[in-house]
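S.K.: Quick one: this structure, given as structure tokens, is what I'll be asking you about.
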Amino acid sequence: MSLDWITPADRLRTLPPYVFARLDELKARAREQGLDLIDLGMGNPDGATPQPVVDAAKIALQDPANHGYPPFEGTASFRRAITNWYHRRYSVDLDPEAEALPLLGSKEGLTHLALAYINPGDLVLVPSPAYPAHFRGPLIAGARIHSLILKPENHWLIDVSAIPEAIAREAKILYFNYPSNPTAATAPREFFEEIVAFARHYEIILVHDLCYAELAFDGYQPTSLLEIPGAKEIGVEFHTLSKTYNMAGWRVGFVVGNRHIIQGLRTLKTNLDYGIFSALQSAAEKALQLPDVYLHEVQARYRTRRDFLIQGLGELGWSIPKTEATMYLWVPCPPGVGSTDFALSVLQQTGVVVTPGNAFGSGGEGYVRISLIAECDRLGEALQRFKQANICFQPQPVATSSD
Ligand SMILES: *Cc1c(COP(=O)(O)O)cnc(C)c1O
């Protein structure tokens, strides 16, 4: 029997091709050939979840009260832990009943927010490059995307003044993310003030993804959208426990901010899922209450790797400015080489996996993203292989992209 009639809905067919797929295929082939892969391609933290969090989960697992359906909107206790953490961290007060909602990881919420707010044909502003959920969520909802192309000469910040008036008037939502995946760019407080003023003027819902809230170095403190006066009237901010606490597999995140925006997401989610296993919410509470010394350890780990890799790449002729946050380096390809070709050739010649920048949208063309998710001995091995293979890291003027 022919199965031609089993066709996915248009909302799946409109998604751009998955750039990681070809890379995955080549990775599998390289592994079959016995090549020792060094995978710096994913955003998957390599460390263990802190022991106090694991211990809290074990205790919570033994409690039958946690074995039934969790409350839709998350446990009252986890919501309070979120708003307490938020107050401690940013001195902003939030109502745990209405201004905080636990999520099955922030990716889930970022995507579902689009389904909750976008009608087919609605216009959504999304930077390029961006974390894929920021444009794939709206595309699934049927949005028209207006890409805000980010440029190195603007330090990868959105240039609000370059958005045409007609586009700004029509836009319904703007997604953004600083410290940024993939560019590792950070945004000063004035940038947040500017974007809040823009969104208020044009009545656009602001969606900020602050998943690298704590992965910042050398004293740099990322700004929260909700620290900006007036932001809570038009915006929400997504957080995750995946990165800071090495909890990517647990699937715990949350959204905070405007109660009406959160209410729409909650209504959608009560029709889709039952929320997070209560025992995990109890463990997640513990994570948010960990003493700062834990944060300092995580930060030191990524900072050491950052310094090691930037120095090593510098010795190969590749000058990369020091990043203030995230677990990534955003690195220009050799002049005239596209990001997919470059990532594939690095993989074939050295067994080192890096992510082509165009996986994050056309604005990422000409760059690759390297994740700091291996210890320095493995990063050193990667550098050694780059050197041996004579991977062309020509010094080139900053602020040039090959496309
Ligand atoms: C890793 C990452 C996420 C995903 O977080 P989860 O909570 O694990 O779904 C969201 N946004 C950005 C920018 C990320 O890099």
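In terms of numbering that gives the first Met the number 0, the sequence shown opens at residue 0 and continues consecutively. The beta-carbon is built from N, C-alpha and C at its ideal position, and this holds for glycine as well.
#1: Out of His66, Gln280 and Lys26, point me to the one whose CA is closest to Met246's CA.
#2: Kindly indicate the opening and closing residues of the beta strand (DSSP E) around Ala170.
#3: Is DSSP giving His295 helix, strand or coil here?
#4: Quickly, what does DSSP pair Gly256 with across the bridge? List them, please.
#5: What three-state label does DSSP hand Trp329 in the structure shown?
#6: Considering only heavy atoms of ligand 1, does any lie closer than 8 Å to the CB of Tyr244?
#7: When the Cα of Thr349 is compared with those of Glu364, Leu371, Leu378 and Tyr366, which residue comes out closest?
#8: Kindly give me the distance between the Cβ atoms of Leu112 and Val206, rounded to whole angstroms, as I take these residues to be in contact under 8 Å.
#9: In the DSSP assignment, what residue or residues form a beta bridge with Thr354?
#10: Between the Cα of Ala55 and those of Ala286, Ala161, Thr322 and Val351, spot the shortest distance and give me the residue it belongs to.
#11: Output the boundary residues of the beta strand (DSSP E) element that contains Ser179.
#12: Judging by CA-CA distance, which residue of Asn180, Leu122 and Phe134 is the nearest neighbour of Glu169?
#13: Expressed to the nearest angstrom, what Euclidean distance is found between the alpha-carbon atoms of Phe359 and Asp208?
#14: In three-state DSSP terms, what is Pro63?
#15: Check whether the Cβ of Thr239 sits closer than 8 Å to any heavy atom of ligand 1, and report yes or no.
#16: I'd like to confirm something about Glu236: is its beta-carbon nearer than 8 Å to some heavy atom of ligand 1, or not?
#17: Check the C-beta distance from Gly252 over to His238 and give it rounded, since I have them as a contact under 8 Å.
#18: Got a sec: does ligand 1 put a non-hydrogen atom nearer than 8 Å to the Cβ of Ser318?
#19: Could you name the residues of the same chain whose beta carbon sits closer than 6 Å to that of Thr478, not counting the 5 residues immediately before and after it, in chain order?
#20: Could you say if the segment 226-241 and the segment 330-345 meet the contact criterion of at least three C-beta pairs nearer than 8 Å?
M.R.: Quick look at the numbers:
#1: On the sequence shown, position 247 is the one that residue 246 refers to. If we check each option's Cα against that of Met246, Gln280 comes out closest.
#2: Position 171 of the sequence shown holds residue 170. Note, Ala170: beta strand (DSSP E), Ala170 to Phe175.
#3: Numbered from its first residue, the sequence shown carries residue 295 at position 296. Here His295 sits in helix by DSSP.
#4: Residue numbering aside, residue 256 sits at position 257 when the sequence shown is read from its first letter. Gly256 is bridged to Val235.
#5: Walking along the sequence shown from the start, residue 329 turns up at place 330. In the structure shown, Trp329 sits in a strand (DSSP, three-state: E or B).
#6: Translated into the one-based positions of the sequence shown, residue 244 becomes position 245. For ligand 1, not one heavy atom lies less than 8 Å from the Cβ of Tyr244.
#7: The residue given as residue 349 occupies position 350 in the sequence shown. Comparing Cα-Cα distances from Thr349 to each of Glu364, Leu371, Leu378 and Tyr366, the minimum goes to Leu378.
#8: One-based indexing of the sequence shown puts residue 112 at position 113. One-based indexing of the sequence shown puts residue 206 at position 207. Right, the Cβ-Cβ distance comes to about 6 Å (below 8 Å), so this counts as a contact.
#9: The count along the sequence shown starts at 1 and reaches residue 354 at position 355. Answer is Arg368.
#10: The residue labelled residue 55 in the question sits at position 56 within the sequence shown. It is Ala286 whose Cα lies nearest to the Cα of Ala55.
#11: For the purposes of this step, residue 179 is identified with residue 180 of the sequence shown, where counting begins at 1. For Ser179, there is no enclosing beta strand (DSSP E), since its DSSP letter is neither H nor E.
#12: Reading the sequence shown from its first residue, position 170 is the one you call residue 169. The residue with the shortest Cα to Cα distance from Glu169 is Leu122.
#13: Along the sequence shown, read from residue 1 onward, the residue named residue 359 stands at position 360. Along the sequence shown, read from residue 1 onward, the residue named residue 208 stands at position 209. Rounded to the nearest angstrom, the two C-alpha atoms are 15 Å apart.
#14: If you number the sequence shown from 1, residue 63 lands on position 64. Residue state, collapsed to three classes: helix.
#15: To locate residue 239, count along the sequence shown from 1; it is residue 240. Yes.
#16: Counting from 1 along the sequence shown, the entry for residue 236 is found at position 237. Because no heavy atom of ligand 1 lies under 8 Å away, the Cβ of Glu236 does not count as near it: no.
#17: Residue numbering aside, residue 252 sits at position 253 when the sequence shown is read from its first letter. Residue numbering aside, residue 238 sits at position 239 when the sequence shown is read from its first letter. The pair is a contact, with the Cβ atoms about 6 Å apart (cut-off 8 Å).
#18: Counting from one through the sequence shown, the residue named residue 318 turns up at place 319. Of the heavy atoms belonging to ligand 1, none sits nearer than 8 Å to the Cβ of Ser318.
#19: A question about residue 478 goes unanswered here, because the residues of the chain that appear run from 0 up to 402.
#20: no
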